[in-house]
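What follows is one structure encoded as structure tokens, with my remarks underneath.
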Amino acid sequence: MKLQITNFNISMYKIKNVIFINLVIIISLLGINNVSAQFTNELTPAYYAYAQARNTAIPQNQLLPNLDKTLSLSIHIVLDSLGEPNIDTNDIYIAIDTLNSKFSPINLSFRICSIDSIENYQWDTLVVNDDDGLKEEQQMTTNNHIDSTINVYFVTAFEGLPQATGFTSYPGGADNIFILKDNVDDMTIPHEFGHFFGLLHTFGDGNATELVNESNCETSGDFLCDTEADPSADLPSAYTANNQCELSPMLKDSNDEFYMPPTDNIMSYYGDCRCKFTKQQYRVMAYEYLHNRYYLW
Ligand SMILES: [Zn+2]
Numbered sequence: 000m001k002l003q004i005t006n007f008n009i010s011m012y013k014i015k016n017v018i019f020i021n022l023v024i025i026i027s028l029l030g031i032n033n034v035s036a037q038f039t040n041e042l043t044p045a046y047y048a049y050a051q052a053r054n055t056a057i058p059q060n061q062l063l064p065n066l067d068k069t070l071s072l073s074i075h076i077v078l079d080s081l082g083e084p085n086i087d088t089n090d091i092y093i094a095i096d097t098l099n100s101k102f103s104p105i106n107l108s109f110r111i112c113s114i115d116s117i118e119n120y121q122w123d124t125l126v127v128n129d130d131d132g133l134k135e136e137q138q139m140t141t142n143n144h145i146d147s148t149i150n151v152y153f154v155t156a157f158e159g160l161p162q163a164t165g166f167t168s169y170p171g172g173a174d175n176i177f178i179l180k181d182n183v184d185d186m187t188i189p190h191e192f193g194h195f196f197g198l199l200h201t202f203g204d205g206n207a208t209e210l211v212n213e214s215n216c217e218t219s220g221d222f223l224c225d226t227e228a229d230p231s232a233d234l235p236s237a238y239t240a241n242n243q244c245e246l247s248p249m250l251k252d253s254n255d256e257f258y259m260p261p262t263d264n265i266m267s268y269y270g271d272c273r274c275k276f277t278k279q280q281y282r283v284m285a286y287e288y289l290h291n292r293y294y295l296w
């Protein structure tokens with residue numbers, strides 16, 4: 000099957016991830032990266048249509064792609080008002096080692112090419128959710144962008160999104176990833192790279208609810224059939240992963256079957272339970288590298 004919509008313009012879509020203080024992650028905000036920088040907690044129908052068509056068109060009965068590629072990272076650390084970085088570069092190298100281990104099944108890796116400091120301390124609390132914030136974000140990234148590399152910015156806080164730990168753009172968008180300094184050592188970085196290479200959340204961001212029996216997996220959730228049904232987008236914060244990384248309290252779908260969400264999946268919101276991608280997720284990321292992020296070097 001041939002995918003017909005590879006030139007679909009998805010550059011306007013930007014994803015913002017929000018994590019609650021208790022580290023069990025509940026809410027996502029999705030922003031439309033246009034001049035008004037409006038935010039919504041739903042993906043747009045256009046992006047859903049693209050993602051669903053793409054995921055359906057990618058053959059799933061083949062070996063994983065072997066990309067045999069190392070991409071360059073430009074690390075930017077925004078200094079605070081005292082000129083302090085407040086992040087240990089050793090921790091960044093360790094985080095990229097972890098990132099590389101997560102992407103090793105498709106032989107895609109990342110190498111830190113440069114680490115620089117940004118001395119405008121006002122950007123250390125990056126305003127991201129209003130007109131001024133977009134200007135601020137654009138100013139910072141325009142002034143510091145290194146072409147053909149993935150630009151990773153570390154800041155202390157996102158003003159206006161106090162619960163966010165990171166955000167980025169889908170393929171077709173900018174080559175920027177924003178990470179909070181305090182979250183350098185958890186799954187925030189692999190999660191954002193998942194979005195950067197086109198993955199949706201396992202719960203589909205308010206898309207139609209996936210059934211436990213996976214009968215509607217191609218038309219609901221993240222449009223992937225090897226990520227179990229995840230209802231977390233629709234649940235109150237009382238629903239979390241317990242010590243065994245099971246949904247707690249338990250919950251049934253409309254067929255009276257218990258949800259067993261993929262709490263170990265990096266694109267879920269189950270905090271420290273997260274550790275892996277699935278084969279279908281790898282195929283999507285490889286596809287997006289080859290078709291929409293191929294210019295990275
Ligand atoms: Zn996310």
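Taken in order, the sequence shown gives residues 0 to 296; the numbers are from numbering that gives the first Met the number 0.
Ideal placement from N, C-alpha and C gives every residue a C-beta, glycine not left out.
- Across the structure, Cys274 and Asn60 are spaced so that their CA atoms are roughly 24 Å apart.
- Between the region 89 to 97 and the region 45 to 52 there are fewer than three C-beta pairs closer than 8 Å, too few to call the two in contact.
- Restricted to the region 107 to 169, the beta strand (DSSP E) segments that are unbroken, complete and at least 3 residues in length are 107 to 117, 124 to 126, 149 to 154, 156 to 158 and 163 to 168, listed in chain order.
- By the CB criterion at 8 Å, Ala228 and Leu210 fall inside the cutoff.
- By the 16-neighbour rule on beta-carbons within 10 angstroms, Asp67 is exposed.
- Per DSSP, the beta bridge partners of Phe257 are Lys251.
- Nearest to Phe202 by C-alpha distance, out of Asp184, Leu223 and Ser231, is Ser231.
- Inter-residue distance for Leu72 and Pro261 is about 29 Å (C-alpha atoms, whole angstroms).
- Where Phe177 is concerned, the enclosing beta strand (DSSP E) starts and stops at Asn175 to Leu179.
- Under the criterion of beta carbons closer than 8 Å, Gly197 and Val283 qualify as touching, at roughly 5 Å.
- Distance from the CA of Ser116 to the CA of Ser214, rounded to the nearest whole angstrom, comes to 50 Å.
- Secondary structure note for Ser100: its alpha helix (DSSP H) is the uninterrupted segment Thr88 to Phe102.
- Rounded to whole angstroms, the Cβ separation of Phe177 and Phe166 is 5 Å, and the two are in contact under 8 Å.
- Annotation: Ile188 is outside any beta strand (DSSP E); the continuous alpha helix (DSSP H) that includes it extends over Thr187 to Phe195.
- Distances taken from the Cβ of His144 to the heavy atoms of ligand 1 include none shorter than 7 Å.
- With contacts defined as CB atoms closer than 8 Å, Val77 and Phe192 fail to qualify as a contacting pair.
- Here Ala240 carries a strand assignment [DSSP, helix/strand/coil].
- Between Glu158 and Thr187, the CB-CB gap reaches or exceeds 8 Å.
- The beta carbon of His290 sits no closer than 7 Å to any heavy atom of ligand 1.
- The C-alpha of Asn150 is placed about 13 Å away from the C-alpha of Gln137.
- The straight-line gap separating the alpha-carbon atoms of Arg110 and Asn254 is approximately 47 Å.
- The beta carbons of Ile74 and Ser113 sit closer together than 8 Å.
- Assigned with DSSP and collapsed to three states, His75 falls in strand.
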